[in-house]
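Report on one structure; see the data block that follows.
Protein chains: 2
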Amino acid sequence: MNAFSTTVTGGRKKRGEGHTRREEILQAAKELFLELGYEATTIRRIADRVGVSAPALYLYFPDKEQMMLALCDQTFGYLIESISEIEASVSDPRERIRRFGEAYLKFSQAHPDEYKLVFLGSNIPEAVRKLGHKMPTDDPTRPGVTGALVFQRLVAIIAEAEASGLKLNYPAETCAELCWMAMHGVASAFILKPEFPWSNRDLLGTGMLDIVMKGILRAD
Amino acid sequence: MNAFSTTVTGGRKKRGEGHTRREEILQAAKELFLELGYEATTIRRIADRVGVSAPALYLYFPDKEQMMLALCDQTFGYLIESISEIEASVSDPRERIRRFGEAYLKFSQAHPDEYKLVFLGSNIPEAVRKLGHKMPTDDPTRPGVTGALVFQRLVAIIAEAEASGLKLNYPAETCAELCWMAMHGVASAFILKPEFPWSNRDLLGTGMLDIVMKGILRAD
DNA sequence: GTCGTTAACTTACCGTTGATAAGTTATCTG
DNA sequence: CAGATAACTTATCAACGGTAAGTTAACGAC
């Protein structure tokens, strides 16, 4: 992992060290997904960057999609982390909701490919599309479920806000859905139409947040 | 166009009739895009359904993406039509904006597959563009720009509202973008996650509209 | 030390993809 | 009938994701 972002590590791994190769593959895949997007990142390109042959990747992942999924969980972990941080450090309910929205938007812009994969259905088959939301009996360790966790946190935050005395203009669940939809609208617009000349991206983010807060919380 | 949704029309076209083949190709492509999505719809599958060889498609379209863009324009046309109707029949500025949002949502729910095709089509643009294979031209007659037309109508409606005395909380363009993003958030959520137990779909639609109107228009 | 086992990896290949080149056929014009 | 050419086909390309089968090297056991 040097400064030139080639991850070639040279020779064959020793007996018990296969997992380090796996991590090298993930690292190279992540770099390439971010550089080129999902489609343009080919198995061969990943293999080249790692310094192994293409089929070698299949010793560690069943297919290309699973590489992306593994990365999704990893990066969504960061989102969940920052949400947890907010929950831990911010006590004011209003501020919590706002900070959630900010974190969500910031994440979507920092990791558009992962966002696309989990929340936009993307081009990846059925398996991934349904995981954005709760599938109660499913294996919680399966890759790709972290998207649903994010939404559940928002529901919890808003429900707690109501419990702490804030008055909502809609049922808590509806408020959470409205909030998520609005922020998702901004996030997906930026991601899906990156070349569109948006008037002012920062203002759109903060503005939407203002609008939603004003819309779901009863005026003081 | 028979009951089995094969569009085979038989033999070779006569001299001046190439354009009818072009329409057959578009029809088949549309069906397949809706059935299978962009990625799974191959040139060969389209050609099979039309009843010609695969390279024949390249007599009418430069590449697969252009077929998609042509379909986008077609679908956007339906939306533009209903917007024009509103502009012609509704004079009150507030009501115009609201009706625009309603029409947009209604359109998305009446033609979910087409909406998905047009607005959620995350098909490659990024991947290809980043590889530098073909940079987007700034030719305004190029297919795929009608989407911007819809948005311009919303900008115009909101700008006219401002001109007629309504006070906006943001620049007109930003208001339009916020409005579109919010409605798109609702529309895409319903379409992308149809199985999610949304608390109340009607309330989410009208509620988001209320929230946006309240957010972009200064309170009376 | 050298053997068997097997993790780690390679070479060769499969079918399919979007797209192109070059040739063929059918229809229209003069 | 004789070009000309629109409409279309066959053959082919490089690149894709993925698989089969073989090779190399590191280990424990004796």
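Top to bottom, those sequences are chains A and B. The opening position of the first sequence corresponds to residue 3 in my numbering, with each subsequent residue numbered one higher. The opening position of the second sequence corresponds to residue 3 in my numbering, with each subsequent residue numbered one higher. Virtual Cβ for every residue (Gly too), placed ideally from N, Cα, C. This structure is a prediction, so every number in the text was calculated from the model and none was measured.
When secondary structure is reduced to three states using DSSP, residue 219 of chain A falls in the strand class. Boundaries for residue 57 of chain B: no alpha helix (DSSP H) harbours it, and the DSSP string shows neither H nor E there. Ranked by how close their Cα comes to the Cα of residue 26 of chain B, the residues B:38, B:53 and B:37 have B:53 in first place.
The beta carbon of residue 188 of chain B sits closer than 7 Å to some beta carbon of chain A.
Listed along chain A are 213, 216 and 217, each with a C-beta nearer than 8 Å to that of residue 216 of chain B. Secondary structure of residue 180 of chain B (DSSP, three-state): helix. A direct Cα-to-Cα measurement between residue 161 of chain B and residue 214 of chain B gives close to 16 Å. Residue 210 of chain B belongs to the set of residues whose beta carbon lies under 7 Å from a beta carbon in chain A.
As DSSP reads the structure, residue 205 of chain A sits in no beta bridge. A Cβ of chain A is located within less than 7 Å of the beta carbon of residue 172 of chain B. When secondary structure is reduced to three states using DSSP, residue 168 of chain B falls in the coil class, being assigned neither helix nor strand. Distance from the Cα of residue 77 of chain A is smallest, within the candidate group A:94, A:109 and A:68, for A:109. Here the alpha carbons of residue 45 of chain B and residue 56 of chain A stand approximately 27 Å from one another. Our two residues, residue 96 of chain A and residue 159 of chain A, have alpha carbons roughly 10 Å apart in a direct line. Residues of chain B whose Cβ lies closer than 8 Å to the Cβ of residue 175 of chain A are, in chain order, 201.
By the rule that beta-carbons nearer than 7 Å mark a contact, residue 49 of chain A does not touch chain B. Counting along the chain, residue 66 of chain B sits inside the alpha helix (DSSP H) bounded by residues 66–91. Around residue 32 of chain B, the same chain offers 73 as residues with beta carbons nearer than 7 Å, after the five sequence neighbours per side are excluded.
For residue 108 of chain A, the enclosing alpha helix (DSSP H) has its first and last residue at 95–112.
Residue state for residue 41 of chain A is assigned as coil, using DSSP reduced to three classes. Cβ neighbours of residue 24 of chain A within its own chain (closer than 6 Å, five residues either side excluded): 62. CA-to-CA, the gap between residue 206 of chain B and residue 100 of chain B works out to about 14 Å.
Distance from the Cα of residue 71 of chain A is smallest, within the candidate group A:189, A:218, A:149 and A:176, for A:149. With a cut-off of 8 Å on Cβ pairs, the region 178–190 of chain B is in contact with the region 188–199 of chain A, counting three or more such pairs. Judged by DSSP in its simplified three-state form, residue 122 of chain B adopts coil rather than helix or strand.
For chain B, none of the residues of the region 68–95 of chain A brings a beta carbon within less than 7 Å of one of its beta carbons. Nearest to residue 171 of chain B by alpha-carbon distance, out of B:178, B:217, B:165 and B:196, is B:217. DSSP places residue 117 of chain B within a helical segment (H, G or I) once states are collapsed to three. For residue 179 of chain B, the C-beta contacts it makes with chain A under 7 Å involve 200, 201 and 206, in order along the chain. Secondary structure at residue 17 of chain B: coil, using DSSP grouped into helix, strand and coil. For residue 122 of chain B, the C-beta contacts it makes with chain A under 9 Å involve 122, 123, 190 and 194, in order along the chain. In this structure, DSSP gives residue 162 of chain A a helical state, which the three-state scheme calls helix.
Going by beta carbons, residue 175 of chain B and residue 201 of chain A fall inside the 7 Å limit. In this structure, residue 43 of chain B sits away from residue 36 of chain B, with a CB-CB distance that is not shorter than 7 Å. Residue 38 of chain A places its beta carbon 7 Å or farther from that of residue 49 of chain A.
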